[in-house]
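Report on the following structure.
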Amino acid sequence: MSDFLVSMIAYLGVISGAISGVIEARRADMDLVGACAVAFITALGGGTLRDFCLGRFPVFWVEETGYGIISLVVALLAFYSTRFLGLTSKSMLIPDALGLGMFSILGAEYALQLNTSFFVATLMGIVTGVFGGVLRDVICNKIPLVFGKKTQLYATCSLVGSVVYILLIQLGFDQGFASFTGILLCVLMRLLAVRYNVRLPDPINL
Amino acid sequence: MSDFLVSMIAYLGVISGAISGVIEARRADMDLVGACAVAFITALGGGTLRDFCLGRFPVFWVEETGYGIISLVVALLAFYSTRFLGLTSKSMLIPDALGLGMFSILGAEYALQLNTSFFVATLMGIVTGVFGGVLRDVICNKIPLVFGKKTQLYATCSLVGSVVYILLIQLGFDQGFASFTGILLCVLMRLLAVRYNVRLPDPINL
Amino acid sequence: MSDFLVSMIAYLGVISGAISGVIEARRADMDLVGACAVAFITALGGGTLRDFCLGRFPVFWVEETGYGIISLVVALLAFYSTRFLGLTSKSMLIPDALGLGMFSILGAEYALQLNTSFFVATLMGIVTGVFGGVLRDVICNKIPLVFGKKTQLYATCSLVGSVVYILLIQLGFDQGFASFTGILLCVLMRLLAVRYNVRLPDPINL
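Here the protein sequences come in this chain order: A, B and C. Each number in this note's numbering corresponds to the 1-based position in the first sequence with 328 added. Each number in this note's numbering corresponds to the 1-based position in the second sequence with 328 added. Each number in this note's numbering corresponds to the 1-based position in the third sequence with 328 added.
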């Protein structure tokens, strides 16, 4: 994929993360500072945790300042605008899914660059894609949504996208093709899971 | 400012952080271990997160053992003493404001030393000043107080102090003057915000 | 102690951590993804936080992939098996105590290797032994169990084991003997604390 497209998708992911952060902050009755903090953490928290675990310092948003600035500008706009706040998780489904796919593949790629095992690379894909939302919910004092039984496949899509990306890279395909396929799979799987309400099976009901 | 004064203010910040940690731990019905943990995290958590993000390892309290020891000694005293526990957030307003100012300027300064952008330096000022309290509330299972609508300007004071400090440094003023002005502004703003109950405006009531 | 024994005890600690993670995840009504995440964090979160603070990167489970894999396999088995879920905290008392002892001594040892002060080494012992459970409870939206007034000595056992280990090393005893003694003390103290319901005293009742 072209660098331009990669950047576009990454920023789309940051924007949708920031908006979902503001929505949750509003629900928790926070002020502008809280909304900005939660937006930043939702948008950039997964990548930050990945950088911590892999030892990539300073973390990515210290060097690429654009991500942090965008997330705060979006938070500001969203907090003071009913137009943005009219956005529901439904209307953000597609940008959120794109962000999930993009971040997962980026996370797996950064891990592979450090020659980690495939297991760890997959894990880093999932952490990058999913943990922003987990940290958002922890700070808003809720059980993380993506860990709930009622949530349609989410981390699972990140897992599948990451694994496919890693496999394609190992098989010698070029990075553009592998990224595109991994992201596409993750996004499609997420959209289908929501459309058909697919959730992880749980045969034991306690 | 003299090194002695800097140290004095930093320790005052650690002490007021530790006491506020014990008070919250008491409210959450914790035992001595919980109180010590929450005191330590409140006093030193912001600086720790800053060091993580900037890649300053080992984190500051590993090298400067005094901070950790003081925070635990204060926790011990405060946990077992009604005198300390009589301290309310009101009576700790001034040491807490001094700590907020001091930590914010320290955080911004450490970031500048690593040649980060001014945006990131400001962010690190706020993280250092504010996130100890955020982590305290997360561990005590509450929505962070500083993100609440009823809280008078807090992170905002840290923001203003950090920005002014960075500007003065860039304009070529010496560090002592810049620190003093940044801390003073932050502290005054915080005290005035509490005195006149100034909060961030929120024109949208959801 | 032989390397084999050390590994055995470390894995036992990981397994009991993972199982306790799944039990809490079930209580919080999480799905398989949540159970795996909480199991991983409970089993490996303490050591991860220690590595963050000490600046040991990448963190241990990036290099020693076995720990992460075991914790997820256990999570999978435990989540789908009533047999594992029949396990109560009572029946896991001994493996959990062994894990607490082992992790505490490991944490203290890693700190000593970096020539930290004894204070920090003790702290790292406690963080490694105890913070997996703290993070588990934070993610499951509860006040950390080990900080509660009703919990029998837990972090205290980790403290005693770590201090004794560090003292013995300083006195020139060989590492095997020091480790064995530290772990044994921590485990015995924990088992006795549960048996006789020993808790930290709290003369002030608020």
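Think of the CB as a built atom: it goes at the ideal place given N, C-alpha and C, for glycine as much as any other residue. Computed from a predicted model, the values in this text were never measured in an experiment.
Per DSSP, residue i is paired with what?
i         : result
Met358(A) : Gly476(B)
Using the three-state DSSP reduction, which class does residue i fall into: helix, strand or coil?
i         : result
Glu437(B) : helix
Ser419(B) : coil
Phe385(B) : coil
Arg518(A) : helix
Tyr395(A) : helix
Phe508(B) : helix
Leu481(A) : coil
Asp424(C) : helix
Cys535(B) : Outside the displayed span of chain B (329 to 534) sits residue 535(B), for which this structure offers no information.
Phe501(B) : coil
Val350(B) : helix
Thr376(C) : helix
Thr444(A) : coil
Arg527(A) : coil
Tyr339(A) : helix
Tyr408(C) : coil
Ser330(C) : coil
Ile471(A) : coil
Among the residues of its own chain, which have a CB less than 8 Å from the CB of residue i, if the five just before and after it don't count?
i         : result
Pro423(C) : Leu340, Gly341, Ile343, Ser344
Leu519(A) : Leu421, Ile422, Ala425
Glu391(B) : none
Val334(C) : Met430, Ser507
Ile479(B) : In the sequence under discussion, the amino acid at residue 479(B) is Thr, which differs from the Ile named in the question. Within the same chain, Thr479(B) has close Cβ partners Leu473, Arg527.
Thr444(C) : Leu382, Met452
Assuming the contact rule is C-beta atoms closer than 8 Å, residue i and residue j should be a hit. Round their C-beta distance to whole Å, please.
i         : j         : result
Gly396(B) : Phe431(B) : Rounded, the Cβ-Cβ distance is 15 Å, inconsistent with contact.
Leu426(C) : Ile369(C) : In fact, because the Cβ distance is near 20 Å, the residues do not count as touching under 8 Å.
Thr484(C) : Arg378(C) : Not confirmed; about 18 Å, so no contact.
Thr393(B) : Phe447(C) : 5 Å
Gly489(C) : Gly510(C) : 4 Å
Met452(C) : Cys381(C) : 7 Å
Gly349(A) : Arg464(A) : 5 Å
Ile471(C) : Ala521(B) : No, Ile471(C) and Ala521(B) are not in contact; Cβ-Cβ is about 30 Å, not under 8 Å.
Asn469(C) : Asn525(B) : Their Cβ separation, rounded to whole angstroms, is 31 Å, which puts Asn469(C) and Asn525(B) out of contact at 8 Å.
Leu531(A) : Gly383(B) : Rather than Leu, the amino acid found at residue 531(A) in this sequence is Pro. Not a contact, Cβ separation roughly 45 Å.
Leu372(A) : Trp389(A) : 5 Å
Within its chain, find whatever has a CB closer than 6 Å to the CB of residue i; leave out the 5 residues flanking it on each side and keep chain order.
i         : result
Ile497(B) : Ala506
Ala449(A) : Ala436, Ala439, Leu440, Ile494
Gly362(B) : Ala353
Leu528(A) : none
Val491(B) : Thr450
Leu400(C) : Cys364
Leu360(C) : Phe407
Between residue i and the ligand ATP, is there a pair consisting of the residue's CB and a ligand heavy atom that are separated by less than 6 Å?
i         : result
Gly345(C) : This structure simply doesn't include the ligand ATP, nor any ligand for that matter.
So, at 7 Å on beta carbons, what are the nonlocal neighbours of residue i in its own chain, with the 5 sequence-adjacent residues on each side left out?
i         : result
Val515(B) : Ala425, Leu426, Gly429
Leu487(A) : Thr450, Ile454
Met517(A) : Leu481, Cys485, Val488
Ile398(C) : Tyr339, Val342, Ile343
Ile467(B) : Val366, Ile369
Leu513(C) : Val488, Gly489, Val492
Val462(B) : Pro472, Val474
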